[in-house]
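Novice: Attaching a single structure in structure tokens format; questions to follow.
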Amino acid sequence: MSHIETPPLTMSPATMPPERPTRQALLKGWRRRCPSCGNGQLLSGYLKVRDECAVCGETLSHHRADDGPAYLTILIVGHLMVPFMMIAWTKFRPDPMVMVTIFSIGTVALSLYLLPRFKGMVVAYQWAKRMHGFGRDRDSAG
Ligand SMILES: [Zn+2]
1 MSHIETPPLT MSPATMPPER PTRQALLKGW RRRCPSCGNG QLLSGYLKVR
51 DECAVCGETL SHHRADDGPA YLTILIVGHL MVPFMMIAWT KFRPDPMVMV
101 TIFSIGTVAL SLYLLPRFKG MVVAYQWAKR MHGFGRDRDS AG
């Protein structure tokens, strides 16, 4: 009769991986910094996440940000721009071309500003919650 060894369901404090504070990680992600050390650059281009942090060596390639940052950007920019458009139209009645020009530029500029910051926050959140392989890296290996 074979016996299969199963790991204990609970972890003792000695075997538990160190805690990763979510709030600090999100702030580091907003600044587009490594969620672990806060010093290394998180992104190598406008949106490309580095494979690992150049300062602390934290593996960052585990992220699965996918459409999350774009979704958050559309959500926030849309909910900001629509009320501003309604206020601008009812209070000032600008020429439609002036309104289109101002709000087109404003929407694009705000989206370009927020998108990499939201991407940093999504990656940092996944890192803090040890999602998608972020829990298997150096501090819990071995
Ligand atoms: Zn780092």
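Just so you know, we're using our numbering here: the sequence shown kicks off at 1 and counts up by one. No residue lacks a Cβ here, since even glycine has one placed at the ideal position from N, Cα and C.
Express the C-alpha separation of R136 and G142 in angstroms, rounding to a whole number.
Specialist: Any reading at G142 needs caution, since the residue's pLDDT is 39, under 50, leaving its predicted position unreliable; the model's value is listed next. Between G142 and R136, the C-alpha separation is close to 10 angstroms.
Novice: Considering A88, what are the terminal residues of the alpha helix (DSSP H) in which it resides?
Specialist: 68-92
Novice: If we ignore side chains and look at the alpha-carbon of each, how far apart do T59 and R117 end up?
Specialist: 19 angstroms
Novice: For P21, collect the residues of the same chain with a Cβ closer than 8 angstroms to its Cβ; drop the 5 residues on either side in sequence, then sort them by chain order.
Specialist: A128
Novice: Starting from the C-beta of L110, find all residues in its chain whose C-beta is less than 6 angstroms away, skip the five residues before and the five after it, and write them out in chain order.
Specialist: Excluding residues within five positions, the ones whose Cβ falls inside 6 angstroms are V77.
Novice: Could you check whether the segment 53-70 touches the segment 90-103, counting it as contact only if at least three pairs of C-beta atoms, one from each stretch, sit closer than 8 angstroms?
Specialist: no
Novice: Looking only at DSSP bridge pairs, what is T59 linked to?
Specialist: E52.
Novice: Please list the terminal residues of the continuous alpha helix (DSSP H) segment that includes G120.
Specialist: 96-128
Novice: Please work out which residues of its chain come closer than 8 angstroms, Cβ to Cβ, to C56, disregarding the five sequence neighbours upstream and downstream, and give them in chain order.
Specialist: C34, S36, C37, N39, G40
Novice: Does the Cβ of L114 have 16 or more other Cβ atoms within 10 Å, making it buried, or fewer, making it exposed?
Specialist: buried
Novice: In three-state DSSP terms, what is R33?
Specialist: strand
Novice: Under 9 angstroms between the Cβ atoms of M86 and T107?
Specialist: Using a Cβ distance threshold of 9 angstroms, M86 and T107 do not count as a contacting pair.
Novice: Could you give the C-beta distance for L26 and M131, rounded to a whole number, given that I count them as a contact under 8 angstroms?
Specialist: L26 to M131, Cβ: 14 angstroms. No contact.
Novice: For ligand 1, is there any heavy atom lying closer than 8 angstroms to the beta carbon of S44?
Specialist: Incorrect: S44 has no Cβ contact closer than 8 angstroms to ligand 1.
Novice: Give a yes or no on whether the C-beta atoms belonging to Y125 and G29 are separated by under 9 angstroms.
Specialist: yes
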